[in-house]
Amino acid sequence: MREGNNPSYFNPDEVKIVVDYVISLLGGKNGVRTKVRESDIGIVSPYRKQVLKIRSLLEKRGHKDVSVGSTEEFQGQERLVIIITTVRSNRNLVQGDVRHNLGFLQNPKRFNVALTRAKGLMVIVGNPYTLSEDPCWNRILEFCIAKKAYRGLPYKPTKCHAKVSNVSKPLLGKK
3 MREGNNPSYF NPDEVKIVVD YVISLLGGKN GVRTKVRESD IGIVSPYRKQ
53 VLKIRSLLEK RGHKDVSVGS TEEFQGQERL VIIITTVRSN RNLVQGDVRH
103 NLGFLQNPKR FNVALTRAKG LMVIVGNPYT LSEDPCWNRI LEFCIAKKAY
153 RGLPYKPTKC HAKVSNVSKP LLGKK
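Start counting the sequence shown at 3; every next residue gets the next number (our numbering).
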């Protein structure tokens, strides 16, 4: 979604999901307090408008110390928890991203930065059907499913892909 003539995208559903996840991490569960502080959490988005929407909602909810930024802003930084919001949920828009080299899609450096900022927990928020259109994201999905780490929208891979057992080196382009 875009506002007016602004070229940057945002996804209001993902904004809410990400902020709710942050609040859940900070609040603990079943009376058990977590040791995660606001400053331990980073939220990465490829779109400036998504960054601004998340910051605004976090501030409204009293969480000003959560770091929210673009992929480039997180270059060289790490956090205990990284939440990646991919924003796009329309396959037609993904093709436009590929053509114009936008977002994380088809940009291995941005993809690598986004996926390597977490020291302890990485959460990816996105539409699995849209993300599976990209080979790198598809491998991440397969890996998460194989490790029983996938949560959210019911998802069944629609294409026949090779089984993934280790995504670190091949995915990140290292030899």
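Cβ atoms here follow ideal geometry from the backbone N, Cα and C, with glycine treated the same way. For clarity, every value in this text was computed on a predicted model and none was experimentally measured.
(message) Between residue 84 and residue 120, how many whole angstroms is the CB-CB distance? I'm expecting something under 8 angstroms.
(response) 4 angstroms
(request) Please indicate yes or no: does the CB of residue 115 lie closer than 8 angstroms to some heavy atom of the ligand PLP? (result) Absence of the ligand PLP is noted for the structure shown, with no ligands found whatsoever.
(request) Let me know the secondary structure DSSP gives residue 50 once reduced to three states. (result) Residue 50: helix per DSSP, three-state reduction.
(request) Confirm, please, whether the CB-CB distance from residue 11 to residue 52 is below 9 angstroms. (result) Contact: yes.
(request) Using the DSSP secondary-structure output, state which residues sit across from residue 127 in a beta bridge. (result) Per DSSP, 87.
(message) Less than 8 angstroms between C-beta atoms, sequence neighbours within five positions excluded: which residues of the same chain meet that for residue 173?
(response) Here residue 173 scores only 43 on pLDDT, less than 50, and its place in the model is too uncertain to base an answer on.
(request) Taking only the alpha-carbon atoms, compute the straight-line gap between residue 125 and residue 86 and give it to the nearest angstrom. (result) 6 angstroms
(request) Could you pull out every residue in the same chain whose Cβ sits closer than 8 angstroms to the Cβ of residue 79, ignoring the five residues on either side in sequence? (result) 44, 69 and 119
(message) Alpha carbons only, please: which of 90, 16 and 37 is nearest the one belonging to residue 131?
(response) 90
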